[in-house]
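So the protein lines, in turn, are chains A and B.
My numbering numbers the first residue of the first sequence as 174 and each following residue consecutively.
My numbering numbers the first residue of the second sequence as 386 and each following residue consecutively.
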Amino acid sequence: MNIKTITIGAIIAATLSSVAFTHEGATGIVKERMDTMSIMGKNIKLLVPMMQGKSTYDAEVVKAAALEIKSHSGETMTKLFPKMEMDMPTNISKAKPAIWQEWEKFSALSDQLYLYTDGLVLAAENGLNNNAPAQDNTSMMGSSSALMGGTINAIPTLDELSAMSADSVFKLVSNACSSCHTQFRTD
Amino acid sequence: MRAIFLAAIAVTLVVTVGLGAVIFLPIGQKVQPNNLSGDVNRGAYLARASGCIACHTDFAKNGNPLAGGVKFATSFGDLYSPNITTNKEYGIGNWSIENFDMAVRQGISPEGEAYYPAFTYEFYRNFTDQDIADLWAAFQTVAAVSNPSKDHEMPFPFNQRWGLKLWRVAFLTNPKTQSDPNKSEVWNRGRLLAEGATHCAACHTPRNLAGARKTKDRHFNGNESLPGGGKAPAIDINSLKKNNWTIENLAYALETGITPNGDSFGDSMGKHVLYSTSFLTPKDQIAIATYLLEEN
């Protein structure tokens, strides 16, 4: 056993202990990302009634919330999922092994969240699109080919996002959350 | 001794004939010809609501729409959703509308075999002739994909499809989609969707050892063991209320996946929202939430 092996062993042991679970809940990196998710959730919760037009729209609040979510997305988020966790017990963590098996897809979604929240910061001033046609006709929810799964929407650029209404961009933000949770979380 | 021998032969005969009768007994009702003109848009909307696209498209692998291949790891074995594109060899391109009707409303293949109940045909049994014509019209617009369906991996005895005939006799029920004249139009629309097309109970009602839903006394009480290992929470009115759901925030969750605490659904419910309920009109999202949450 050489010094390198011992060092690596020590690092692994230290990391393992930092992600050891208490009887109540997560610790270490698992807890850190749960806290991160919870911060993002609080911001989403704050924005929902505003985006629905059910509370007074405040562009500054929207910007601040979008900035906060953005600050936790992209690489900042993916760094909270160190690869070695693949071998860790997952009775507390809800992360699916697919995160590490399909890392590119996972990080692409985290990057999308970064892009969309960046876009929401810029689109905040645009306000809500209250004049959008109400989608309440059963035959009018997009084309039949989109309904049958035929259309894949391209990811808009930051420029395009900045010209959209805040609620439209917010939908993309929430869609990024859902897409990621659907593929990579166990519930 | 001779009597025992004869009795043994008689028992063997009865069992063989009985088993043969079950194996070869045709199932299902004869399908009436359907000459109605189908509305593609309405059919596509119904296909979305019913989860056709969600379950028959392998989104995780960027699969083509309705080309199948999604794995359902049930407690009986692994099932894979088949290719239901218009491809003549591997999809349903050679089917007639009557074959389609038989599959959707009765759960029986053109060869007369029963489908596994992982295919949620049980919920589609009250679809109208017009619904079938609309769905059929919509399916004709799907691009043909030449991927063969993946074979199911069911161990014996569950790979014996004739066993499903007995299952059907014992467990197959009609969904409770009928209108209640004492309820609002919105509530009744919600009932039609929730108990029928959107088949909430498929995941949110526990199943017995034979994989049949405990419909009588555990409807919407949640399921701890979904295919693939997930869990579905109880969505009976008391459970929903206890977890802070309202008609308004549930309708919003069906649209966006966002839950009342700012989280968003993941795994199978996330998938169901992304590929099915988010495509519903706000009116229909509210209708489902109203049916699930409105007090009597």
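We put the CB at the ideal spot given by N, CA and C, even for glycine.
I want to verify the contact list: residues of chain A whose CB lies under 7 angstroms from the CB of residue i, in sequence order.
i, result
"N646(B)", "G214, K218"
"T583(B)", "The contacting residues do not exist; T583(B) stays about 14 angstroms from chain A at best."
"I643(B)", "I217, V221, S347"
"A445(B)", "Q356"
Excluding the 5 residues flanking residue i on each side, which residues of the same chain have their C-beta closer than 7 angstroms to its C-beta?
i, result
"D340(A)", "M224, L301, N302"
"G548(B)", "P542"
"H196(A)", "Note that H196(A) has pLDDT 29, beneath the 50 cutoff, so the model's placement of it is unreliable and the number below is only indicative. Closer than 7 angstroms at the Cβ level, and outside the excluded window around H196(A), lies no residue."
"G478(B)", "T471, N472, A529"
"L220(A)", "V235, A238, F343"
"D516(B)", "L431"
"M313(A)", "The predicted model places M313(A) with a pLDDT of 36, which falls under 50 and marks its position as unreliable; any figure quoted below should be read in that light. Closer than 7 angstroms at the Cβ level, and outside the excluded window around M313(A), lies no residue."
"L557(B)", "E507"
Can residue i and residue j be called in contact, C-beta distance under 8 angstroms?
i, j, result
"L639(B)", "I673(B)", "yes"
"E498(B)", "R574(B)", "no"
"A296(A)", "V342(A)", "yes"
"I438(B)", "A432(B)", "yes"
"G613(B)", "A458(B)", "yes"
"H584(B)", "N608(B)", "no"
"I328(A)", "Q274(A)", "no"
"A518(B)", "V425(B)", "no"
"Y506(B)", "A579(B)", "no"
"G428(B)", "L520(B)", "yes"
"S347(A)", "T644(B)", "no"
"K322(A)", "T442(B)", "As written in the sequence, residue 322(A) is Gly, which differs from the Lys given in the question. Yes. Within cutoff."
"G453(B)", "S564(B)", "no"
"A349(A)", "L282(A)", "yes"
"I408(B)", "R553(B)", "no"
"F508(B)", "P566(B)", "no"
"S531(B)", "Y475(B)", "yes"
Which residues in chain B have a C-beta closer than 8 angstroms to the C-beta of residue i? List them in chain order.
i, result
"H245(A)", "Correct list: empty, because the minimum Cβ distance to chain B is about 13 angstroms."
"K344(A)", "T641"
Sorted by chain position, which residues of the same chain lie with C-beta nearer than 8 angstroms to residue i's C-beta, five sequence neighbours on each side aside?
i, result
"A307(A)", "Only weak support exists for where A307(A) lies, its pLDDT of 46 falling under 50; the coordinates are left without a value."
"N310(A)", "Residue confidence for N310(A) is low, a pLDDT of 39 falling below 50, so the modelled location carries little weight; the figure read from the coordinates is stated next. No residues qualify anywhere along the chain."
"S653(B)", "C588, L611, G613, G615, A617"
"G462(B)", "H537, E538, M539, P540, F543, N544"
"L678(B)", "I622, L625, K626, W630, T631, I632, L635"
"R358(A)", "K267, A268, K269"
"P591(B)", "R598, K599, R603, N606, G607, N608, E609"
"K656(B)", "A439, F444"
"Q356(A)", "K269, A271, E275, K278, F279, L282"
Using a cut-off of 7 angstroms between C-beta atoms, extract the partners of residue i located in chain B.
i, result
"M250(A)", "Result: empty, since nearest Cβ-Cβ is about 14 angstroms, beyond 7 angstroms."
"G322(A)", "I438, T442, P450, L451"
"S117(A)", "As shown, chain A starts at 174 and ends at 360. That puts residue 117(A) outside it, with no answer to give."
"S317(A)", "V425, N426, A429, A523, T526"
"A360(A)", "The displayed chain sequence assigns Asp, not Ala, to residue 360(A). Simply G615, K616, G651, D652."
If you drop the 5 nearest sequence neighbours on each side, which residues of the same chain put their C-beta closer than 6 angstroms to that of residue i?
i, result
"I242(A)", "M213, N216, T290"
"L298(A)", "Rather than Leu, the amino acid found at residue 298(A) in this sequence is Glu. These residues qualify, in order along the chain: A232."
"I671(B)", "A636"
"Y500(B)", "G492"
"S663(B)", "E640"
"L320(A)", "none"
"P667(B)", "none"
"A595(B)", "none"
"P364(B)", "This structure gives no information on residue 364(B), because the portion of chain B shown stretches from 386 to 681."
"S190(A)", "At S190(A) the pLDDT is 39, less than 50, meaning the model places this residue with poor confidence; the figure from the coordinates comes in the next sentence. Taken in chain order, the list of residues that qualify is empty."
"T251(A)", "S280, S283"
"A619(B)", "N606, G607"
In chain B, which residues lie less than 9 angstroms from residue i when you measure between Cβ atoms?
i, result
"Q285(A)", "Per Cβ cutoff of 9 angstroms: no residues; Q285(A) is ~14 angstroms from chain B at best."
"D340(A)", "None at all; the shortest Cβ gap to chain B is about 11 angstroms."
"K236(A)", "In chain order: nothing, as chain B lies at least about 18 angstroms away."
- Query: Looking at chain A, which residues of the region 413-432 of chain B have a Cβ within less than 8 angstroms of any of its Cβ atoms?
  - Reply: D424, V425, N426, R427, G428, A429, Y430, A432
- Message: Which runs of the beta strand (DSSP E) at least 3 residues long sit entirely within the region 419-484 of chain B? Give them in chain order.
- Response: 456-459, 462-465
- Item | Residues of the region 655-669 of chain B with Cβ closer than 7 angstroms to any Cβ of chain A, in chain order | G655, K656, V658, L659, F664, T666, P667, K668
- Report the residues of the region 593-623 of chain B with a CB closer than 7 angstroms to any CB of chain A, ordered along the chain. G615, K616
- Message: Please give me, in chain order, every unbroken run of the alpha helix (DSSP H) with length at least 4 that falls completely inside the region 582-612 of chain B.
- Response: 586-589, 600-603
- Which runs of the alpha helix (DSSP H), 4 residues or longer, sit entirely within the region 313-360 of chain A? The qualifying runs are 317-320, 331-335, 339-357.
- Task: Only counting runs of 4 or more residues, tell me where the alpha helix (DSSP H) segments fall wholly within the region 472-546 of chain B, in order along the chain.
- Result: Entirely contained in the region 472-546 of chain B, the alpha helix (DSSP H) runs reaching 4 residues are, in chain order, 482-491, 514-524.
- Message: Quick check for students: name the residue ranges of the alpha helix (DSSP H) that lie wholly in the region 271-296 of chain A, counting only runs of 4 or more.
- Response: 271-274, 276-296
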